[in-house]
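Report on the following structure.
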Amino acid sequence: MKIIVTESFAKTCELAATMIADVIRNKPDARLGLATGSTAQGVYPYLVKANQAGELDFSRVNTINLDEYVGLAPDHPQSYRCFMDENLFDQINIDKKNTIVAKGTGDIEENVKAFREALAEKPIDVQLLGIGVDGHVGFNEPGDVLYDGAHVEELEESTIDANARFFTTRDEVPTKAISMGMGDILRAKKLLLLATGESKAEAMKGLLLNEELDVQNPATLVKTHPDVTVIIDRALAEDIGYRA
Ligand code: GLP
């Protein structure tokens, strides 16, 4: 695992965007595995800026997102499809037909099947990851069992609490999501995991301070990946007592 400590969250995001841009420049038809949440949200403006400056071409790029809430239609403002359109796709020269976000409404079983087929089509060249307060990646929540492939996940109360900030009331937060499985994530050729903020300290301790693979902290499984870069800022590194 390569661990990089930056001066600030902005630097973390800039570096992650540079690494994603490098993947695209080396492989113009790369498949990007993308993430939502405020951490990933910090990365996209740098990709948009590079694209709009004519320095990065998305015309042949294709993307697949980690997850989507069950119960939110693609045009719901808090759906991850909507998040991706607003924060990235609508601002760059990507063909929307080449962007995959699982569908959270309609026949969910069929949607999971379609998502699994999309995942099997081609490997992900680089997967961007945030981390939940409980260590979830995508929406793979802690539990006695983790899943290999795409599936429906019941969200933990702590995840619902954390995501309630995006909704008017807590009752509106979906309680389930379609998520890539841990295996899908670990099959990506390159992983980029970013974290910031003290709410992530406990989960990040499990990732950075010991060698345990802990099903109660799913992010720890990325330790097994041959090409994973974890980027955190100095404030978080100090919080968890991480020294390079
Ligand atoms: C959601 C997403 C995750 C993301 C996590 C952390 O649960 N499904 O992919 O990593 O939130 O989000 P944030 O970056 O907003 O803390």
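Take the sequence shown: its letter number 39 is residue 31 in our numbering, and every next letter is one higher. Here a beta-carbon is modelled for each residue, glycine too, at the ideal position from N, C-alpha and C. Just so we're clear, the structure is a prediction, and the values are computed from it rather than from any experiment.
Taking residue i and residue j to be in contact with their CB atoms under 8 Å, please state how far apart those CB atoms are, rounded to whole angstroms.
i	j	result
R183	V214	According to the sequence shown, residue 183 is Leu rather than Arg. Their Cβ separation, rounded to whole angstroms, is 6 Å, which keeps L183 and V214 in contact under 8 Å.
I116	I92	The pair is not a contact, with the Cβ atoms about 11 Å apart (cut-off 8 Å).
L58	M172	5 Å
V12	L120	Val is not the amino acid found at residue 12; the sequence shown has Ile there. Their Cβ separation, rounded to whole angstroms, is 7 Å, which keeps I12 and L120 in contact under 8 Å.
T28	M(-7)	Going by Cβ atoms, the distance from T28 to M(-7) rounds to 23 Å, so no, they are not a contact pair.
E134	P69	Going by the sequence as given, residue 134 is Pro instead of Glu. With 8 Å as the limit, P134 and P69 do not qualify as a contact, their Cβ atoms being about 29 Å apart.
Q33	N79	6 Å
D219	K192	Their Cβ separation, rounded to whole angstroms, is 22 Å, which puts D219 and K192 out of contact at 8 Å.
E146	K114	Incorrect: roughly 29 Å between the Cβ atoms, too far for contact.
A154	I(-5)	A154 to I(-5), Cβ: 24 Å. No contact.
E204	T212	6 Å
V118	V15	5 Å
Who does residue i pair with in a DSSP beta bridge?
i	result
T(-2)	D225
A187	I224
Y61	A169
Please find out if some non-hydrogen atom of the ligand GDP comes closer than 6 Å to the beta-carbon of residue i.
i	result
S30	The ligand GDP is not part of the structure shown, which contains the ligand GLP as its ligands.
Examine chain C for any beta-carbon lying closer than 7 Å to the beta-carbon of residue i, and answer yes or no.
i	result
V125	Protein chain content of the structure displayed is limited to a single chain, and chain C is not contained in it.
Task: Cβ pair count under 8 Å reaching 3, the region 166 to 185 against the region 128 to 143 - done: Yes, since at least three Cβ pairs between the region 166 to 185 and the region 128 to 143 fall closer than 8 Å, the two stretches touch.
Open item on the list: Quick check for students: name the residue ranges of the beta strand (DSSP E) that lie wholly in the region 12 to 58, counting only runs of 3 or more.
Closed with: Listed in chain order, they are 23 to 26 and 54 to 57.
Task: Whole runs of the beta strand (DSSP E) within the region 129 to 179, excluding any shorter than 3 residues - done: Counting whole runs of 3 or more residues, the region 129 to 179 contains the beta strand (DSSP E) stretches 143 to 146 and 168 to 171.
- [ ] Kindly provide the ranges of any beta strand (DSSP E) runs that are 3 or more residues long and lie completely inside the region 67 to 133, ordered along the chain.
- [x] The qualifying runs are 118 to 121.
Task: Three or more C-beta pairs below 8 Å linking the region 180 to 193 and the region 220 to 227 - done: Touching, yes, given that three or more Cβ pairs across the two stretches are closer than 8 Å.
Open item on the list: Does the contact criterion of 3 or more C-beta pairs under 8 Å hold for the region 50 to 59 versus the region 10 to 24?
Closed with: Yes: at least three Cβ pairs fall under 8 Å.
Task: Segment contact, 8 Å Cβ cut-off, at least three pairs: the region 124 to 136 with the region 145 to 162 - done: Under the three-pair Cβ rule at 8 Å, the region 124 to 136 counts as touching the region 145 to 162.
TODO: Could you tell me whether the region 61 to 68 touches the region 94 to 113, where touching means 3 or more Cβ pairs closer than 8 Å?
DONE: Taking one beta carbon from each stretch, the region 61 to 68 and the region 94 to 113 have 3 or more pairs nearer than 8 Å; the two touch.
Open item on the list: Taking contact to mean 3 or more Cβ pairs, one atom from each stretch, closer than 8 Å, check whether the region 197 to 207 and the region 72 to 87 are in contact.
Closed with: Not touching, per the Cβ criterion.
TODO: Could you tell me whether the region 32 to 41 touches the region 76 to 84, using the rule of 3 or more Cβ pairs below 8 Å?
DONE: By the C-beta criterion, the region 32 to 41 is judged to be in contact with the region 76 to 84, since at least 3 inter-stretch pairs fall below 8 Å.
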